[in-house]
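For the protein sequence lines, the chains are X and Z, in the order given. When we follow the working numbering, the leftmost residue of the first sequence carries the number 1, and every step to the right adds one. When we follow the working numbering, the leftmost residue of the second sequence carries the number 1001, and every step to the right adds one. For each residue, glycine too, the CB sits at the ideal point set by N, CA and C. Quick notes on the structure that follows.
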Amino acid sequence: DAGVTQSPTHLIKTRGQHVTLRCSPISGHKSVSWYQQVLGQGPQFIFQYYEKEERGRGNFPDRFSARQFPNYSSELNVNALLLGDSALYLCASSLKYQGIEETQYFGPGTRLLVL
Amino acid sequence: LAKTTQPISMDSYEGQEVNITCSHNNIATNDYITWYQQFPSQGPRFIIQGYKTKVTNEVASLFIPADRKSSTLSLPRVSLSDTAVYYCLVGGYGQNFVFGPGTRLSVLP
């Protein structure tokens, strides 16, 4: 079975630009979460979506937004990129968002470099 | 909001059992505890998850005391390929998921 897939794998942007990252969950999973992992640190929670609704949000500025589509795939958008946004962006999917069915499985990530 | 701490690094030899502890003093009632393994430039790989007491699967065991303020990942008979960073994750019900800082495990021959 295919795991969580993310695209693109790498990309380079300049400060002030906008970026869109994409994620396809494991088949049958209805919840998608996004994380930012700066080099040398643990991942930080950005958003969780379930059934196209935002169910959780971490401590990130409004420049970060996301949405989930009817097929449960998701996009993470970041506006007005800053140098500090350079990181590995991880997507995780889970069956649901409650209890044991909330076990999150991660994709390979998108490496974003902001110059 | 749970705050998690882990040892920064650990060394072990092949064939030994390794125990990595994560502290999460203000864990919430609905929070689950999940452990992941991560290799450089890859996404975290699920190892094991639990809520309380002991959980065991084919690769690891997870011990959670009654107060749930800590958890210990136990890896039996580690090999060189287990060299990686290990993270605990605390959270649930769409609330803020918090990763620990990660423990860099080095397995020596």
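Query, Result
"Extent of the continuous beta strand (DSSP E) to which ALA92 of chain X belongs", "87-94"
"Sub-7 angstroms separation of ASP1011 of chain Z and GLY1091 of chain Z beta-carbons", "no"
"Status (buried if at least 16 other CB within 10 Å, exposed otherwise) for HIS18 of chain X", "exposed"
"is_contact[GLY1050 of chain Z, chain X] using C-beta, thresh 7 angstroms", "no"
"Member of X:PHE106, X:LEU112, X:GLN41, X:VAL114 whose CA lies at the smallest distance from the CA of SER31 of chain X", "X:PHE106"
"Segment contact, 8 angstroms Cβ cut-off, at least three pairs: the region 1066-1080 of chain Z with the region 80-94 of chain X", "no"
"Candidates Z:LEU1108, Z:THR1056, Z:PRO1101: closest to GLY40 of chain X by CA position", "Z:PRO1101"
"Neighbour list for GLU75 of chain X in chain Z, Cβ cutoff strictly below 8 angstroms", "The contacting residues do not exist; GLU75 of chain X stays about 18 angstroms from chain Z at best."
"SER33 of chain X beta carbon less than 7 angstroms from that of ALA92 of chain X", "yes"
"Where the beta strand (DSSP E) containing LEU1080 of chain Z begins and where it ends", "Where LEU1080 of chain Z is concerned, there is no enclosing beta strand (DSSP E), given that its DSSP letter is neither H nor E."
"Within-7 angstroms CB hit, GLY1015 of chain Z to chain X", "no"
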